[in-house]
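Quick notes on the structure that follows.
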Amino acid sequence: MFKGICATALGAMLLTSTAFAGDAWFGVYAGPRFNSATGDAVTQMTDAGGKKASHMGIAGGVLAQLPLSPQVHLLLGAGYTQRGLKLEAPELFGDVSVQAVSSTMTTVANYLDLNLGVAWHFLGSEGVLNAVSPYVGVDLLPGFFLSGTSTAEFGGSEMETKLTSDDIQSFHFAVRPNAGVDFPISDGVRIGANLGYELGLTNANKDESSSNTTESSIKWNGITTAIRLSFKL
Numbered sequence: 000m001f002k003g004i005c006a007t008a009l010g011a012m013l014l015t016s017t018a019f020a021g022d023a024w025f026g027v028y029a030g031p032r033f034n035s036a037t038g039d040a041v042t043q044m045t046d047a048g049g050k051k052a053s054h055m056g057i058a059g060g061v062l063a064q065l066p067l068s069p070q071v072h073l074l075l076g077a078g079y080t081q082r083g084l085k086l087e088a089p090e091l092f093g094d095v096s097v098q099a100v101s102s103t104m105t106t107v108a109n110y111l112d113l114n115l116g117v118a119w120h121f122l123g124s125e126g127v128l129n130a131v132s133p134y135v136g137v138d139l140l141p142g143f144f145l146s147g148t149s150t151a152e153f154g155g156s157e158m159e160t161k162l163t164s165d166d167i168q169s170f171h172f173a174v175r176p177n178a179g180v181d182f183p184i185s186d187g188v189r190i191g192a193n194l195g196y197e198l199g200l201t202n203a204n205k206d207e208s209s210s211n212t213t214e215s216s217i218k219w220n221g222i223t224t225a226i227r228l229s230f231k232l
């Protein structure tokens, strides 16, 4: 299924790019993410003594950039994204009297993301794109849950539970303001760096035991980074 969706998205991007012959760019991206989460479920855990810790995920995929004008470019993409949350607290697992024993709970959720974005490129003094091209943009990220794990560590023991669509909502939606810069490597090839902040807009937690879903809400967010390698079509 994952390969089929990616192949379909790749074909759609290549077909769409024919309307921008000579100007469209196609490439790949990859980079680490610094994940976190918000929501009532997270607040309840932190109020109980939990402390958010740094959780690093990864993301990568394919991306097409289609110029609507010299300044404004449309972005279409698809890729794999790893979201998650890590909590640390002595009292999260077991009796609160055993506070000398550290404990952590790490949740990882894997998604297939689609990307629909727009980027505004800064033009040079003569009204054309410079060879080095900085930009700002915003991406809309509908995502589809693939798999996940929840891992609890207490002392020297570890227990891992697989997450399914019974635990995590199948659909996820986020918005990502971002900024970056592209550098030419050679004629028709360029490399770029991108930095953004992803803000989850939908509840990822599927808690069937709660009639009020706002009481168990988890919304993924975090800082995203990526290196992009693009080729002119």
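Each residue of the sequence shown is one higher than the last, beginning at 0 in numbering that gives the first Met the number 0. Using N, Cα and C, we set each Cβ at its ideal position, and we do this for glycine too.
Where residue i falls, given that 16 or more other Cβ within 10 Å makes a residue buried
i      : result
ALA47  : exposed
SER53  : exposed
GLY199 : buried
ALA130 : exposed
GLY187 : exposed
TYR196 : exposed
GLY179 : buried
VAL41  : buried
LEU115 : exposed
Under the three-state DSSP convention, the category residue i falls into
i      : result
ASP138 : strand
GLN168 : coil
SER68  : coil
SER229 : strand
SER215 : helix
VAL131 : coil
LYS2   : Because the pLDDT of LYS2 is 49, which lies under 50, any placement of that residue in the model is unreliable, and the number read from its coordinates should be weighed accordingly. Note: LYS2 maps to helix in three-state DSSP.
ALA63  : strand
THR17  : Caution is warranted here: a pLDDT of 44 is assigned to THR17, below 50, making its placement in the model unreliable, and no coordinate value can be reported.
Nearest to residue i (by Cα), restricted to the options the options
i      : options                        : result
LEU113 : LEU140, PRO176, ILE167, ALA130 : LEU140
MET44  : MET104, GLY78, ALA58           : MET104
ASN109 : GLY78, ARG227, PHE230, GLY116  : GLY78
THR201 : LYS50, LEU67, PHE143, ALA151   : PHE143
SER229 : ARG32, SER132, ILE190          : ILE190
LEU194 : ASN204, ALA203, LYS205, ASP181 : ASP181
SER216 : LYS231, THR224, LEU122, ALA203 : ALA203
SER102 : ILE222, PRO176, MET158         : MET158
Identity of the residues DSSP links to residue i by a beta bridge
i      : result
SER35  : ASN220
LEU111 : TYR79, PHE143
THR150 : THR105, GLU159
VAL117 : LEU73, VAL137
MET55  : PHE33
GLY49  : Answer is none; GLY49 lacks a bridge partner.
VAL27  : VAL61, LEU228
Mind listing, in chain order, the continuous beta strand (DSSP E) runs of no fewer than 3 residues lying wholly within the stretch 174 to 201? Qualifying beta strand (DSSP E) stretches, in chain order: 188 to 199.
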